[in-house]
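Data first, discussion second: the structure below is written as C-alpha cells.
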Amino acid sequence: MKNRYIKIFCVAIVGALTLTSCDKGFEEMNKNPNALTDPAVKSMFTLAEIYVDGQDFSNTRGNNIYAAQIVQQFSSPSGAGSKYAYSSEYSAALFGETYGKGLNQIFQLLSVVEDTPENSNMIQACKIMKVFLFQKLTDTYGEVPYFEAGKGYNGGVYSPKYDTQEAIYNDLLKELDEAGTALDAGKPFVGSADLYYQSDVARWKKLANSLMLRVAMRLSKVNPAKAQEFVEKAYAKGVFTSNEDSLVLQHDAGPPGVKTNPITSAWVRNDLNGGEANIKFSKTFIDLLKNTNDPRLRIYAKLEATGDNNPASQQGLANDAKEFPGGDKKLFSDPNTSTVLRYDAPTLIMSYAEVQFLLAEAAVKGWNVGGSAQTYYENGVRAAMNILTIFGDKVPAVSLAEYNTYIATYPFKSGGTQAEKIEQIITQKWIVLLFNGFEAFSEYRRTGYPVLVPVNDPTGETQGTIPRRLIYDQSELITNEANYKEAIQRQGLDLMTTRIWWDK
Numbered sequence: 007m008k009n010r011y012i013k014i015f016c017v018a019i020v021g022a023l024t025l026t027s028c029d030k031g032f033e034e035m036n037k038n039p040n041a042l043t044d045p046a047v048k049s050m051f052t053l054a055e056i057y058v059d060g061q062d063f064s065n066t067r068g069n070n071i072y073a074a075q076i077v078q079q080f081s082s083p084s085g086a087g088s089k090y091a092y093s094s095e096y097s098a099a100l101f102g103e104t105y106g107k108g109l110n111q112i113f114q115l116l117s118v119v120e121d122t123p124e125n126s127n128m129i130q131a132c133k134i135m136k137v138f139l140f141q142k143l144t145d146t147y148g149e150v151p152y153f154e155a156g157k158g159y160n161g162g163v164y165s166p167k168y169d170t171q172e173a174i175y176n177d178l179l180k181e182l183d184e185a186g187t188a189l190d191a192g193k194p195f196v197g198s199a200d201l202y203y204q205s206d207v208a209r210w211k212k213l214a215n216s217l218m219l220r221v222a223m224r225l226s227k228v229n230p231a232k233a234q235e236f237v238e239k240a241y242a243k244g245v246f247t248s249n250e251d252s253l254v255l256q257h258d259a260g261p262p263g264v265k266t267n268p269i270t271s272a273w274v275r276n277d278l279n280g281g282e283a284n285i286k287f288s289k290t291f292i293d294l295l296k297n298t299n300d301p302r303l304r305i306y307a308k309l310e311a312t313g314d315n316n317p318a319s320q321q322g323l324a325n326d327a328k329e330f331p332g333g334d335k336k337l338f339s340d341p342n343t344s345t346v347l348r349y350d351a352p353t354l355i356m357s358y359a360e361v362q363f364l365l366a367e368a369a370v371k372g373w374n375v376g377g378s379a380q381t382y383y384e385n386g387v388r389a390a391m392n393i394l395t396i397f398g399d400k401v402p403a404v405s406l407a408e409y410n411t412y413i414a415t416y417p418f419k420s421g422g423t424q425a426e427k428i429e430q431i432i433t434q435k436w437i438v439l440l441f442n443g444f445e446a447f448s449e450y451r452r453t454g455y456p457v458l459v460p461v462n463d464p465t466g467e468t469q470g471t472i473p474r475r476l477i478y479d480q481s482e483l484i485t486n487e488a489n490y491k492e493a494i495q496r497q498g499l500d501l502m503t504t505r506i507w508w509d510k
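All letters in the sequence shown, in the order written, are residues 7 to 510 by the working numbering.
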C-alpha cells in the first residue's frame, strides 16, 4: 500500500491543482506548453480515487464543522454547523476542493486517455467516481456547473453554466447505468493502481449499481416513479451482497497530507489535544446509543483524556450549548483514537449496510427488490456492527450475541406505519454514516429523520430552521458571475434555508 501511494507524488503537483472556482486552472492547463503530454495515467487514477474521499480542507470544514454538526452527529459550542452560522470559508470548502482537486484530476485524466477498448474500464471507473463527486456537490448546494465543467481541457469553456439539479440527476443515473454495463472483465484495467478493488471488475459493477441505488432513492419525494424505476434496476443489475463489497479506502499513518485519513489527521493534529477538543460527539448521538445499549458505542467513542471507552462514561455535548457545562471539555466524548480516529483509520466511503437500508426502505414502499423490509433492516444492522472490524482490534468487536440481544430488544417495527418503519431505517443509516456528514445531511433533508431538535442561536442565519443547503463559494461572483446569478434566479436565493430541487 505504501509503495502505491508513493507513486502518485510524481503527478500530484500537476494533477491536484487547487481551485477556488470550477473554471480556474483549466485555462492554464489548456495553454501551458509544459503540461503533461505523456502522463502516468495509472498514478493519476490512484490520485483520483483518493480525491473522491476529499482532503483535509473540505472534510474538516464542510464535513466535520458543518454537515455532521447540522445533523447532530457532532457538536461544538462555537460550531457553525451546530448553530447554523455562516462561514464563507467553511461553506465554500467542498465546492472549491471538489472542482479543484477531485473533478480536476478526473477531467485531466479523461482528457489524456484515448477512448479505446484497452482504456475502457479505466474510463468507466472515472465516470463512477465522477458521479460520487457530483452527487455530493449538487446535494450540498443545489444547481452546480455540470455539463460544461472540465471543458477547459478540451472545449475552451472557462466560465461553465450551472445546470438544474433535475438535469444533473438524470445524467448521473444514465452515467451509472452505462458505466456499470460497459465494465468488462475481459478488458485491461489498472492493476494494483486501483486502491478500491484491485481491478476486480465484478466489484466495480456492484459499486456502480449500489451508487445508482443511492442516487435513485434521493428522488423518492420529487419523482417517486423514476426513483422506483432505477432502484429496481439497480437491484436487478446487482448491488453489494456483503461487507466484502463495501468501498473502503485504506490510509497510512503519515506523513500528514494525501496519504493520511482526511478527517482524522486534521482532527488529531489540530484539535484533539488530550481531550481538549472543541468538537465533541453530539448529545443526540451519544444518548441514542447509550439509551439503546448499542454495543458500537465502545468502538466509536472514548474520553480521550483518560482513555475511558466505557459506554456508561460517555457524554455528548448538546448542539445548542454555548460552552462546556462545568467548564471541563475532558468530560465529553471524543471519537476513539484507538479505532475510528486513528491517523491511518480507513474511510468507509459506501457500505453494504447502507445498501441494505436502502433496500429496506424500498421494500417498505412496496417496490420490487426481492426481499422483506425486516430482513434487509436486520442485515443492515448486523453489517453496520460487523464493518467496524476495519478499525482494528484494540477494542472488542461486536459479537453475534450482542447483536442478537440488540435486535431482540429493538426489533424492526413490522406492524408499524410506513413512517415509523422508515424512521427506524434512516436512524440506523444515520449511525453508520458517522464521518460521512454530507450524506447524512442529504438523507436527513430527504426523509426528515432522525428527528432533530432545531437550534435557534443568535449567531445563526436561519432563525432556528435546520439548514437545507450550504451557500456557494462566493468567488463565483467574481469568476462566474452571470452563470451564478442565473442559477440562483432559478433555484432561489443563495441562503441556507433555500430548498434544492429534490427537497420539496
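Beta carbons are placed, not taken as given, at the ideal position from N, Cα and C, and that holds for glycine. These numbers come from a predicted model, not from an experiment.
1. Between which two residues does the alpha helix (DSSP H) harbouring LEU354 extend?
2. Using three-state DSSP, classify ILE323 as helix, strand or coil.
3. Looking at the structure shown, is VAL457 part of a helix, part of a strand, or coil, going by DSSP?
4. Do the region 343-359 and the region 394-413 meet, that is, are 3 or more Cβ pairs less than 8 angstroms apart?
5. Report yes if the CB atom of SER94 is closer than 8 angstroms to the CB atom of TYR72, and no otherwise.
6. Specify the secondary structure class of VAL137 as computed by DSSP and reduced to three states.
7. If you measure between the beta carbons of LYS286 and PHE444, is that distance less than 8 angstroms?
8. Report yes if the C-beta distance between VAL58 and MET128 is below 8 angstroms; otherwise report no.
9. How would you label PRO464, buried or exposed, when you count the other beta carbons within 10 angstroms and need 16 or more for buried?
10. How about GLY470 and VAL461: are their beta carbons less than 8 angstroms apart?
11. Pick out the complete alpha helix (DSSP H) segments inside the region 358-386, 4 residues or longer, and give them in chain order.
12. Can you check which of these residues, VAL150, ASP300, ASN110, GLN234, is closest to ASN486 by C-alpha distance?
13. Check the DSSP bridge columns for ALA307 and list the partner residues they point to.
14. I want to know whether the region 309-320 touches the region 328-339 - three or more CB-CB distances under 8 angstroms.
15. For ALA5, which residues in the same chain have their Cβ closer than 8 angstroms to its Cβ, ignoring the five residues on either side in sequence?
16. Under 8 angstroms, do ASN160 and SER117 count as touching if we go by C-beta distance?
17. State the Cα-Cα distance for the pair ASP251 and TRP210, rounded to the nearest angstrom.
18. In this structure, what does DSSP give as the bridge partners for LEU178?
19. Cβ atoms of ALA379 and LYS328: under 8 angstroms apart, would you say?
20. Check LYS212 in the structure and name its three-state DSSP category.
21. Can you list, in chain order, the residues of its chain whose CB lies under 6 angstroms from that of PRO473, leaving out five sequence neighbours each side?
22. Give the straight-line distance between the Cα atoms of LEU213 and PRO331, rounded to the nearest whole angstrom.
23. For the beta strand (DSSP E) holding LEU255, just list the boundary residues, first then last.
24. Give me the DSSP bridge partner(s) of LYS419.
25. Just mark SER271 as buried or exposed, buried being the case when its beta carbon has 16 or more other beta carbons within 10 Å.
26. When burial is assigned at 16 or more other CB atoms within 10 Å of the CB, is GLN434 buried or exposed?
27. In whole angstroms, give me the CA-to-CA distance for VAL387 and ILE56.
28. Helix, strand or coil, according to DSSP, for ASP183 in the structure here?
29. Check the C-beta distance from LEU354 over to VAL254 and give it rounded, since I have them as a contact under 8 angstroms.
30. At what residues does the alpha helix (DSSP H) containing PRO230 begin and finish?
31. Does the distance from the CB of PRO268 to the CB of GLN114 come in under 8 angstroms?
32. Just the C-alpha distance for LYS510 and LYS157, rounded to the nearest angstrom, thanks.
33. How about LYS48 and GLU124: do their beta carbons lie closer than 8 angstroms?
34. Give the secondary structure of VAL77 by DSSP, where H, G and I count as helix, E and B as strand, and everything else as coil.
35. Near ALA493, what residues of its chain come up, given a Cβ to Cβ distance below 7 angstroms and the 5 sequence neighbours on each side ignored?
36. Go to GLY102, then tell me how far its alpha helix (DSSP H) extends in each direction, as first and last residue.
In terms of the structure at hand:
1. DSSP places LEU354 outside any alpha helix (DSSP H); the residue lies instead in the beta strand (DSSP E), whose first and last residues are 353-356.
2. What sits at residue 323 in the sequence shown is Leu, not Ile. Three-state DSSP puts LEU323 in a strand.
3. Residue state, collapsed to three classes: coil.
4. Touching, yes.
5. The Cβ atoms of SER94 and TYR72 lie no closer than 8 angstroms to each other.
6. VAL137: helix per DSSP, three-state reduction.
7. Not a contact, by the Cβ cut-off of 8 angstroms.
8. Against a cut-off of 8 angstroms, the Cβ pair of MET128 and VAL58 comes out as no contact.
9. With fewer than 16 other Cβ atoms inside 10 Å of its own Cβ, PRO464 counts as exposed.
10. VAL461 sits close to GLY470, with the two beta carbons spaced by under 8 angstroms.
11. Those alpha helix (DSSP H) runs which fall completely within the region 358-386 and span 4+ residues are 358-370.
12. Of the listed residues, the one whose Cα sits closest to ASN486 is VAL150.
13. Partner(s): PRO341.
14. Result yes; three or more Cβ-Cβ pairs closer than 8 angstroms.
15. Since the displayed the chain opens at 7 and closes at 510, residue 5 lies outside it and no answer follows.
16. Yes, these two residues count as a Cβ contact at 8 angstroms.
17. So the alpha carbons of these two residues sit roughly 9 angstroms apart.
18. Looking at the DSSP assignment, LEU178 forms no beta bridge with any residue, so it has no partner.
19. No, these two residues do not count as a Cβ contact at 8 angstroms.
20. The three-state reading of DSSP puts LYS212 in helix, counting H, G and I together.
21. Cβ neighbours of PRO473 within its own chain (closer than 6 angstroms, five residues either side excluded): ILE76, TYR90, MET502.
22. Looking at the two C-alpha atoms, the distance is approximately 44 angstroms.
23. Where LEU255 is concerned, the enclosing beta strand (DSSP E) stretches over 253-255.
24. Bridge partners of LYS419: none, in fact.
25. The C-beta of SER271 has 16 or more other C-beta atoms within 10 Å across all chains shown, which makes the residue buried.
26. The residue is buried, with at least 16 neighbouring Cβ atoms inside 10 Å.
27. Answer to the nearest angstrom: the Cα atoms are 28 angstroms apart.
28. Looking at ASP183 - three-state DSSP - the assignment turns out to be helix.
29. The distance from the Cβ of LEU354 to that of VAL254 is about 6 angstroms, consistent with a contact at the 8 angstroms cut-off.
30. Secondary structure note for PRO230: its alpha helix (DSSP H) is the uninterrupted segment 230-243.
31. Taking 8 angstroms as the Cβ cut-off, PRO268 and GLN114 do not qualify as a contacting pair.
32. Our two residues, LYS510 and LYS157, have alpha carbons roughly 32 angstroms apart in a direct line.
33. No; because the gap between Cβ atoms is not below 8 angstroms, this pair is not in contact.
34. Of the three classes helix, strand and coil, the one that applies to VAL77 here is coil, per DSSP.
35. Counting only Cβ-Cβ distances below 7 angstroms, and skipping sequence neighbours, we find GLU149, TYR168.
36. For GLY102, the uninterrupted alpha helix (DSSP H) segment begins and ends at 94-103.
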